[in-house]
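So for the sequence shown, the numbering used here puts the first residue at 2; every next one is plus one. Report on one structure; see the data block that follows.
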Amino acid sequence: MKLTVKQLRGLIREAIDIVNAETGEIIDFGEDSISGIPDAAVPDLVKRLGLNLSPSGEALSNDDWQKLEDETIGKQYDRQMKKTRADIAKNRKRLDINNLLDRLDDWAKTAAGEWEADNSQGPYEIQDVAFDLADAAQHSFEQDEWEELEWHFGNNPEDLRSYIMDSM
Numbered sequence: 002m003k004l005t006v007k008q009l010r011g012l013i014r015e016a017i018d019i020v021n022a023e024t025g026e027i028i029d030f031g032e033d034s035i036s037g038i039p040d041a042a043v044p045d046l047v048k049r050l051g052l053n054l055s056p057s058g059e060a061l062s063n064d065d066w067q068k069l070e071d072e073t074i075g076k077q078y079d080r081q082m083k084k085t086r087a088d089i090a091k092n093r094k095r096l097d098i099n100n101l102l103d104r105l106d107d108w109a110k111t112a113a114g115e116w117e118a119d120n121s122q123g124p125y126e127i128q129d130v131a132f133d134l135a136d137a138a139q140h141s142f143e144q145d146e147w148e149e150l151e152w153h154f155g156n157n158p159e160d161l162r163s164y165i166m167d168s169m
């Protein structure tokens, strides 16, 4: 297989790895790399950070290596940690028992109100169907939310059902 000079240069550009001259650590660049940083970003990073590449164009001193690592991998790690903290906070709020109890109360009042509106002329009152209606509450919550509610009531489904019925 013959490669033209243009193809060879393209392949070399696609396989940019920068090596720490002192430790041998490597930061690989490219869409398929672990870093996920495109090759096209390398010249800009080198210029912006004022890095001194070796004559071969791929080795850095330890100080320059640290700058590059902080700029690339460090920022990716920071972004990931920020996202993880936001997800944890969101989950904590979603599973907060006071929020869950408020949602359960709202569900019970809404379900009772809708049932009474639909069955105002019927022979039954809400107290007659509250037991069965309370069982439907579980379908309005995610599995982990429902487990949190059950845990709050000592893993006793009867106590949870009684609470829902009383909220109607």
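Every residue gets a Cβ at the ideal spot worked out from N, C-alpha and C, and that includes glycine.
Per DSSP, cross-strand counterpart(s) of residue i
i             : result
alanine 60    : Val20
isoleucine 28 : Ile19
Whole-angstrom C-beta distance between residue j and residue i, which should lie under 8 Å
i                 : j              : result
alanine 135       : methionine 166 : 5 Å
phenylalanine 142 : arginine 162   : Contact flag wrong, Cβ pair sits at about 14 Å.
tryptophan 38     : leucine 69     : According to the sequence displayed, residue 38 carries isoleucine and not tryptophan. Not really, about 10 Å apart at Cβ, beyond 8 Å.
leucine 50        : glutamate 72   : 6 Å
serine 36         : isoleucine 27  : About 10 Å separates the two Cβ atoms, so there is no contact after all.
glutamate 149     : isoleucine 98  : 6 Å
leucine 105       : serine 168     : 7 Å
Start and end residues, alpha helix (DSSP H) containing residue i
i             : result
lysine 91     : 76-95
glutamate 159 : 158-168
aspartate 45  : 42-50
At what residue ranges does the region 89-155 contain a whole run of the alpha helix (DSSP H), taking only runs of 4 or more? List check, alpha helix (DSSP H) in window: 98-119, 127-136 and 144-153.
Check whether the region 43-55 touches the region 82-90, counting contact only when three or more Cβ pairs, one atom from each stretch, lie closer than 8 Å. Too few Cβ pairs lie closer than 8 Å, so no.
Using 8 Å as the cut-off, can you tell me whether the region 68-83 makes contact with the region 98-114, which would need three or more C-beta pairs spanning the two stretches below that distance? no
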